[in-house]
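Protein sequences appear in the order of chains A and B.
With this note's numbering, letter number 211 in the first sequence gets 211, and the count goes up by one each step, no holes.
Basically this note's numbering = 1-based index in the second sequence + 1000.
Beta carbons: idealized from backbone N, C-alpha and C, even for Gly.
2 protein chains.
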Amino acid sequence: MYRTHTCGELNLSHNHKQVTLAGWVQTVRKFGAITFVDLRDRYGITQLLFNEELTKTLDINPLGREFVIQATGKVSERTNKNTKIPTGAIELLVSSFTILNKSLVPPFTIQDDTDGGDELRMKYRFLDLRRSELKKNMELRYAVNRATRNYLHQQNFWDIETPFLIKSTPEGARDFVVPSRMNAGEFYALPQSPQTFKQLLMVSGFDRYFQIVKCFRDEDLRADRQPEFTQIDCEMAFVQQEDILQMFEGLIKYIFKEVKKIDYAEPIERISWSDSVWNYGNDKPDTRFGLKLKNLKVRGENVCPELEGKNFGVFNTAETILAICIPDGADYSRKQTDELIEWVKRPQIGMSGLAFIKKGKDETVKSSFDKFFTEQELHSVANYCSASSGDLILILCGAEEKTRKAISELRLKMGEQLGLRNKNEYKLVWVYDFPLFEYDEEGNRWVARHHPFTAPKPSDISKMINNDSKISDAANYLNHPYADIKANAYDMVLNGNEIGGGSIRIHQRALQEKMFAALGMDEEEQTHKFGFLLGAFEYGAPPHGGIAFGFDRICALLGGSESIRDYIAFPKNNAGRDVMLDAPSTIDEKQLHELQIKLDSKKI
Amino acid sequence: MYRTHTCGELNLSHNHKQVTLAGWVQTVRKFGAITFVDLRDRYGITQLLFNEELTKTLDINPLGREFVIQATGKVSERTNKNTKIPTGAIELLVSSFTILNKSLVPPFTIQDDTDGGDELRMKYRFLDLRRSELKKNMELRYAVNRATRNYLHQQNFWDIETPFLIKSTPEGARDFVVPSRMNAGEFYALPQSPQTFKQLLMVSGFDRYFQIVKCFRDEDLRADRQPEFTQIDCEMAFVQQEDILQMFEGLIKYIFKEVKKIDYAEPIERISWSDSVWNYGNDKPDTRFGLKLKNLKVRGENVCPELEGKNFGVFNTAETILAICIPDGADYSRKQTDELIEWVKRPQIGMSGLAFIKKGKDETVKSSFDKFFTEQELHSVANYCSASSGDLILILCGAEEKTRKAISELRLKMGEQLGLRNKNEYKLVWVYDFPLFEYDEEGNRWVARHHPFTAPKPSDISKMINNDSKISDAANYLNHPYADIKANAYDMVLNGNEIGGGSIRIHQRALQEKMFAALGMDEEEQTHKFGFLLGAFEYGAPPHGGIAFGFDRICALLGGSESIRDYIAFPKNNAGRDVMLDAPSTIDEKQLHELQIKLDSKKI
């Protein structure tokens, strides 16, 4: 061992002891004839004192930043103590030292406020990981891993590994594929999740399964998506939805307790999918703050009676009109409201404008559409929106889905602006009763909102079995019996981020076939892709269900960040590249030859 | 929840309680007017008693094997107790039951002595996993996983995930590659191990790292190899070899204690590579038994002086002559010795014959080469082999490597035959001081015996730095200074199986470059493949080393098996196929098109 102690453990109890430390040179400060060196390792920083004689040798062979050294000497009480660090009461009077390895001057400083840009730090990720911020992120990640395992172990779950080289059955996202050399012309796929395997494990009787496991999706990367990501993957047999909600409410609370020392005592709020969309505009509500939506008009129906019979074309032709009420916003300046109008017009939001009503402290009301409404009528609308004196009502209108999405974004922006989204506050929500299907306009067919293995609510099974999934009248797809079948599915949402999702699964062959058929798979395709699962359901498949959590996301949120990249040791950039390794890269002709594939550059 | 209790927990303390169980029908036994059903789940088996009335309903709708049912009733003490199972004191008097799912008749019986063949059980793996043997294997695997994590956690290791989509740098085994859609014409590789990443983590200062992680090798599969396998991967900084041996001796003993309740108290035996090869013929000795080799002649040098000046051409022309001494083997019949001769002639062993000396209980000696040696000379050879009266000496001769390998196999066979390889006995060995290089005849160059990141022993570094790696005289490669450079490397061996291996790594750029050059990599190739690592070594890389254990193998050996396949939930067959999924398989033209690759069937 190159050391007797770490750089984080020495204190006054070690006074006068002879010790050896090893670590990295953080700083070198010459102070007259002597030299102070801060030595850093994973555990902390210790001050080394080089006496006059040693300082002379340093003059000849200077220590540089990030040199790796080993230093032996006596621990000594400092007169000038540093109370900010655990080792601040002592220093090491160096009697001898060895340079274990030198370092070039690092391309950026190894400090919290580093001077390195993103690209540079990604290229030198091994240096960036030396910074205490990233080190703490890795520590937190391991703590979440450990807490998850401990809880699930206590609950009788077994970690069972599922394969990585599986069969390509793309549904939704693209698979990464792996050419097989031994079976030329054929490919494995990397799993998008262990979904079918965990279901097979339930059929096998394992009853409580989990894994913390890498998954792969070949998607065009949006910001903060990674082609490989980690999931806490869980499944249980002989359970109903309520059992799963209880079990994993327990898990997340255990993680909060173990990792953050937060006692999340109250039951996790539960919101149905339709309530969530109605009140927050989306299915992953940030419930740290209110600013709930006011539904003035929905899909052509005026909900707020005061809108009836007005002559305001914009409102009259809009499918949906939604508002949020900003407390004390009535004194927003013209500049401020103009900025909000510009904000909703940005391509990411894509609205054509923003209407507003200001309800003054003096009970006067003003709006951006004064000429179509009397003051009395504006008062009524403001009252409908539960506005108090001094409030500002922001109104968006347009097509239902687009408007709802836009106002949910506006709500988040206003929450941010008003300081209502404290990253040290945590609010969890279960969202449940999702629609089972979504309508796919292009194919005029159904797609699975969650995945094809999710069961309908028990009360909706007969509706699914007894109706033809075919959509004969595309314009009125909403009237098809499948449109309002609810899924036996649930998401866990933390501060507006979906951190987990799951469902009770289908466990009967006939219902699974009906589901596949609804998604446009004929019998041949079903057999080719999922024959093994349909087969397994015929040999005593128990009722079962499960959930998967986004492990990277949970770590980032507990760390107070929205970026998962800082919580992954070696992440990829938005082009899916590892800039440190310079991967992906070309491979040898010999490799292509052995795999019996050729490049076929199409410049698509 | 579909149950109040599991099928493994009810006993007399639950007598008269109303409970609900759910599980699989193991057996149905009609007994006059009543019916007994054994209900099985992961936790055990409980006997259900269906009364006359319910038995009548069963007559109409019979329960079949592997039906999934839910049964409610009262727990009742049995008159006829079964002491073999934990629930054997009670039965459940069923008052109502529900069939949760039916089952076809399974293709093989779900019992320890199943009637299903290998292929069939692989295809229906989800049913095979219901058998208690495979269930116990998965339980043992999880226990090893858990023990490993607990020990390493106590020792301050952090689990840090490394990427799966990395760069192809094939050295030795082939990489599996993954075409990148976003970077057309380029490929990721799946890791053969996280080797370079764990070294970068040491450079980053993480100091104690571990992972239980999937690795991938595209090799032609020998029996009991899998294209994807699991490794316990560990690395430490600021350590010497001794620190690593201590740390991981602790790990394996902890696993033995936790998983097998075995207190492996004595220190693990340590054998240098050359001693191992000298005494056992290989570098993974099974030390549960002796039968050490007798080196009569090695590489042309007679070690046993009695061989000098004899007229026996076979011995005289042989490069190497090795023997093992079988206690009490002198009374082997002609048939028995003939069988051994046939055995060594099998293509897997490939020797041309087997000589022997029988030292009778009456002190007479006989041999298969009597006419070349006097009885006195045979006595001397027998004495040299430490043979006692009644022993049989088996002698192989031929080229050094081949003969040594053959006799090590013969030793194992004889150990087996003599009942010296008890699968419930465990003997661990550290083998150390491996050669750093192996000679590659084809390329007339060096290859790394372990891997290119292994450091030479400190005392051999100057020999490596100060000599040219080029082999100018191929015939005398053994005289090249590199031939006897020792690696700072070590393997852990259990009962003749290598279960782990590691090394102190190179951490200086110059030495790493020298190593790459010795392996035939020019500067351009070094930069292309390992530029990131060479670069990292310039920024303060600490001394470090590590080890990786074969997780599947450890589980199999602790389970008393030599087959890893039974310890993997969903293994592949020898052709790398998952016969349950039917993977690998062809993929859609659309997928190939997006990846910009084409099939190029060459029928190689």
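Note that the segment 479–493 of chain A touches the segment 451–471 of chain A; at least 3 beta-carbon pairs, one per stretch, sit closer than 8 Å. Shown here, B/C1397 sits in a strand according to DSSP, grouped into three states.
One alpha carbon belongs to A/N101, the other to A/T46, and they sit about 19 Å apart.
For A/E9, there is no enclosing beta strand (DSSP E), as DSSP marks it with neither H nor E.
By DSSP's assignment, A/S96 forms a beta bridge with A/T72. A residue is called buried when at least 16 other Cβ atoms come within 10 angstroms of its Cβ; B/H1016 does not meet this threshold and is exposed. Excluding the 5 residues flanking it on each side, A/M351 has same chain C-beta neighbours closer than 8 Å at V344, K345, L396, G398, K402, T403 and A406, in chain order.
Leaving aside the five residues that flank A/S180 on each side, the residues in its chain whose CB is nearer than 7 Å to its CB run, in chain order, E186, F187 and Y188. Leaving aside the five residues that flank A/E377 on each side, the residues in its chain whose CB is nearer than 8 Å to its CB run, in chain order, E306 and K310. For A/S462, the uninterrupted alpha helix (DSSP H) segment begins and ends at I461 to N466. DSSP places A/C215 inside the beta strand (DSSP E), whose first and last residues are R208 to F216. Scanning chain B for C-beta atoms nearer than 8 Å to the C-beta of A/Q240 yields M1001 and Y1002, reported in chain order.
In this structure A/N574 touches A/L221 by the C-beta definition: roughly 5 Å separates them, less than 8 Å.
Interface annotation, B/F1097: not in contact with chain A, CB-CB separation never under 9 Å.
Around the C-beta of A/I60, fewer than 16 other C-beta atoms lie within 10 Å, and the residue is accordingly described as exposed. Contact annotation: the segment 1061–1073 of chain B touches the segment 1022–1040 of chain B, with at least three C-beta pairs closer than 8 Å. At a cut-off of 9 Å between beta carbons, A/Y142 contacts chain B. Only S180, R181, M182, N183, A184, G185, E186, F187, Y188, A189 and L190 from the segment 180–191 of chain A bring a Cβ to less than 9 Å from some Cβ of chain B. A/M580 reaches chain B at F1532, counting residues in chain order whose Cβ is nearer than 7 Å.
Scanning its chain for C-beta atoms nearer than 7 Å, with the 5 sequence neighbours on each side dropped, one finds around A/R40 the residues C7, G23, W24 and Q26, in chain order. Per the C-alpha coordinates, the member of A/L394, A/E91, A/H5 and A/F50 positioned closest to A/T35 is A/F50. Across the structure, A/K74 and A/V94 are spaced so that their CA atoms are roughly 7 Å apart. Counting other Cβ atoms within 10 Å of its Cβ, A/T148 reaches 16 or more and is therefore classed as buried. Between the segment 237–250 of chain A and the segment 352–369 of chain A, the count of C-beta pairs closer than 8 Å stays below three; the two stretches do not touch. Under DSSP, A/C555 forms no beta bridge with any residue. Annotation for B/V1037: the continuous beta strand (DSSP E) segment containing it runs I1034 to D1041. Every unbroken stretch of the beta strand (DSSP E) spanning 3 or more residues and falling wholly within the segment 372–424 of chain A is given here in chain order: 392–398.
Exclusion of the five residues before and after A/G550 leaves I499 as the residues of its chain whose Cβ lies within less than 6 Å of its Cβ. A straight line joining the alpha-carbon of A/I326 with that of A/I393 spans about 6 Å. Rounded to the nearest angstrom, the gap between the Cα atoms of B/G1353 and B/T1337 is 11 Å.
Secondary-structure assignment with DSSP links B/E1091 through a beta bridge to B/S1076.
Within the segment 68–100 of chain A, contact with chain B at the beta-carbon level (separation under 9 Å) is assigned to V68, Q70 and L100. For B/E1077, the closest C-alpha among the options B/S1013, B/N1495 and B/H1379 is that of B/S1013.
Within 8 Å of the CB of B/V1177, the CB atoms of chain A belong to V178, P179, I587, Q591 and L595, in sequence order along the chain.
For B/F1164, the closest Cβ of chain A is nearer than 9 Å.
Residues of chain A whose Cβ lies closer than 8 Å to the Cβ of B/S1601 are, in chain order, A184, G185 and Q596.
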